[in-house]
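Chemist: Residue numbers (the numbering used here): 393 to 615.
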Ligand code: E4P
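1) Taking only heavy atoms of the ligand E4P into account, decide whether any of them is closer than 8 Å to the Cβ of residue 599.
2) Anyone know if the C-beta pair for residue 525 and residue 505 falls short of 9 Å?
3) May I have a chain-ordered list of the alpha helix (DSSP H) segments no shorter than 4 residues that lie completely inside the region 504-567?
4) For residue 597, is the classification buried or exposed, using 16 other Cβ atoms within 10 angstroms of its Cβ as the cut-off for buried?
5) Pop quiz: residue 544 and residue 510 are said to be a contact at Cβ under 8 Å. What is the actual Cβ separation, rounded to whole angstroms?
6) Just mark residue 479 as buried or exposed, buried being the case when its beta carbon has 16 or more other beta carbons within 10 Å.
7) Roughly how far, in whole angstroms, is the beta-carbon of residue 584 from the beta-carbon of residue 408, given that I think they are within contact range, below 8 Å?
8) Taking residue 417 and residue 405 to be in contact with their CB atoms under 8 Å, please state how far apart those CB atoms are, rounded to whole angstroms.
9) If I measure Cβ to Cβ from residue 561 and keep anything under 6 Å in the same chain, skipping five residues before and after, which residues do I get?
10) Rounded to a whole number of angstroms, what is the C-alpha to C-alpha distance between residue 497 and residue 571?
11) Which runs of the alpha helix (DSSP H), 4 residues or longer, sit entirely within the region 450-507?
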């Protein structure tokens, strides 16, 4: 399973990358805004260099058509390890499948984002997406079960032998990460704050302190 960091903050990326657990980094325009990025292209280039050979996922901002395709092609030139996130639909509900298909045909690693249903993930796969980002938290927000969607899509991909990978996105806590992993997501993308929570446990801290105190006591006896 692949683990991505859902962040554009270079300090967080350096820290978690240094822990040897990251396969890549995902971003979106909201993440860039949250993390104070003012020059997205420069940030994508820098992050891609920083995490290579891990994959940097950069999202287009053009809504559709030729503008979307040319923006995606330009972003993919930033590095061999750059995947391009293309939203499943425009805000008006027009599918971006043709754009994804064209980009996949041009050798671009397409990550279909804002996937909220089984049908969307299946169509994106048919269009040639390398990844489908299923937003577990946002499915849950609408009364659905994001983990169940991931599980069903995984079953469908495996049944037909598709190589498209599910990225479980929109994870709001350690419990969501566990649900996504258990549902069979090929990749999970986790914000830094949630990754810290996954690593931490107050009783682990207590236990380690107990060991250190015992080592000190042994050393004091020997002195
Ligand atoms: C990652 O690729 C997604 O864009 C991100 O996880 C979305 O998270 P959100 O639903 O919390 O905005």
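Think of the CB as a built atom: it goes at the ideal place given N, C-alpha and C, for glycine as much as any other residue.
Modeler: Let's see:
1) As a working mapping, residue 599 is identified with position 207 in the chain shown. Residue 599: no, Cβ never under 8 Å from the ligand E4P.
2) Looking up residue 525 in the chain shown gives position 133. Looking up residue 505 in the chain shown gives position 113. Contact: yes.
3) Given a length threshold of 4 residues, each whole run of the alpha helix (DSSP H) inside the region 504-567 is given here in chain order: 510-519, 528-533 and 538-552.
4) The count along the chain shown starts at 1 and reaches residue 597 at position 205. By the 10 Å Cβ count, residue 597 comes out exposed.
5) For the purposes of this step, residue 544 is taken as residue 152 along the chain shown, with counting starting at 1. For the purposes of this step, residue 510 is taken as residue 118 along the chain shown, with counting starting at 1. With a Cβ gap of about 5 Å, residue 544 and residue 510 count as contacting.
6) As a first step, residue 479 is located in the chain shown; it is residue number 87 there, counting from the start. Counting Cβ neighbours within 10 Å, residue 479 comes out buried, since at least 16 surround it.
7) As a first step, residue 584 is located in the chain shown; it is residue number 192 there, counting from the start. As a first step, residue 408 is located in the chain shown; it is residue number 16 there, counting from the start. About 7 Å; that satisfies the 8 Å criterion.
8) Counted from its first residue, the chain shown places residue 417 at position 25. Counted from its first residue, the chain shown places residue 405 at position 13. At roughly 6 Å, the Cβ-Cβ gap stays under 8 Å, so residue 417 and residue 405 are in contact.
9) Position 169 of the chain shown holds residue 561. Here the set comprises 525, 527 and 581.
10) Residue mapping note: residue 497 aligns to position 105 of the chain shown, counting from 1. Residue mapping note: residue 571 aligns to position 179 of the chain shown, counting from 1. Residue 497 and residue 571: Cα-Cα distance of roughly 33 Å.
11) List check, alpha helix (DSSP H) in window: 457-468 and 489-497.
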